[in-house]
Amino acid sequence: MSPRPADLSASTRVEAPVDRVWEVVGDVRTMPDFSPELRKVFVLGRRSGPGARFVGINKRGLAVWPTTSKVVRWEPSRAIAWKVAESGATWMYELEPTDGGAATTLTARRILPAFSAGTTLLGPVIGGAEGHDRELGEGLATTLERMKARIEG
Numbered sequence: 035m036s037p038r039p040a041d042l043s044a045s046t047r048v049e050a051p052v053d054r055v056w057e058v059v060g061d062v063r064t065m066p067d068f069s070p071e072l073r074k075v076f077v078l079g080r081r082s083g084p085g086a087r088f089v090g091i092n093k094r095g096l097a098v099w100p101t102t103s104k105v106v107r108w109e110p111s112r113a114i115a116w117k118v119a120e121s122g123a124t125w126m127y128e129l130e131p132t133d134g135g136a137a138t139t140l141t142a143r144r145i146l147p148a149f150s151a152g153t154t155l156l157g158p159v160i161g162g163a164e165g166h167d168r169e170l171g172e173g174l175a176t177t178l179e180r181m182k183a184r185i186e187g
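Under my numbering, the first residue of the sequence shown is numbered 35, with each subsequent residue one higher.
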């Protein structure tokens with residue numbers, strides 16, 4: 035049995051106030067622009083806010099799979115988080131003003147439950163949890179770099 039996948043996090047400093055950062059981070063429809071794995075988002079019903087739902091299409095190598103997510107935390111200009119039904123993972127982006135509000139520390143996290151049938155079943159299909167965790171950790175950093183580049187543009 036492979037070890038439990040790890041929680042992941044990455045942070046970066048963005049030279050912009052939190053409201054400008056939120057314009058990008060708070061819109062799940064833009065996530066495929068930044069994520070190395072998420073290719074498309076289909077919002078179901080309302081486009082944002084607590085309880086908003088969406089389907090994500092992910093790709094890793096030849097494997098392509100959908101996920102369904104629900105926004106579980108919504109604090110404009112502070113944080114957004116969504117829970118993925120299939121894996122139980124919660125993906126969270128937190129914004130913290132710095133330098134008197136002139137800049138923002140942007141942190142991304144993946145938080146996993148103690149057990150997830152989706153992760154256990156999907157792990158072997160996508161090449162194993164350990165390799166995927168490594169890629170997701172690198173992907174979080176890449177996602178933040180791409181967001182930063184767009185925001186500071």
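The C-beta atom is built at its ideal place from N, Cα and C for all residues, glycine as well.
Please name the residue in the options whose C-alpha comes closest to that of residue i.
i	options	result
P131	D41, R54, A40, L42	R54
S103	S121, A97, S111	S121
A136	S43, S45, P51, A40	P51
T124	P110, T141, L146, S82	L146
A183	V58, V105, G90	V58
E71	E49, V48, G95	G95
So residue i is in the beta strand (DSSP E); what residue range does that whole segment cover?
i	result
V77	72–78
R54	No beta strand (DSSP E) contains R54, which is instead part of the alpha helix (DSSP H) from 52–59.
R144	137–145
With 16 other CB atoms within 10 Å as the buried threshold, where does residue i fall?
i	result
G187	exposed
G161	Reliability fails at G161, whose pLDDT of 46 lies under 50, so the model's placement of it is uncertain and no value is given.
A86	buried
Do you know offhand how far residue i's Cα is from residue j's?
i	j	result
E179	R143	14 Å
W56	R112	8 Å
T101	T138	30 Å
V77	M65	12 Å
W108	A115	7 Å
T46	V98	29 Å
S69	G134	29 Å
I91	A119	13 Å
T141	K74	22 Å
Determine, for residue i, whether the minimum Cβ-Cβ distance to residues of chain B falls below 9 Å.
i	result
K117	Checking the listed chains, one finds no chain B in this structure; it contains a single protein chain.
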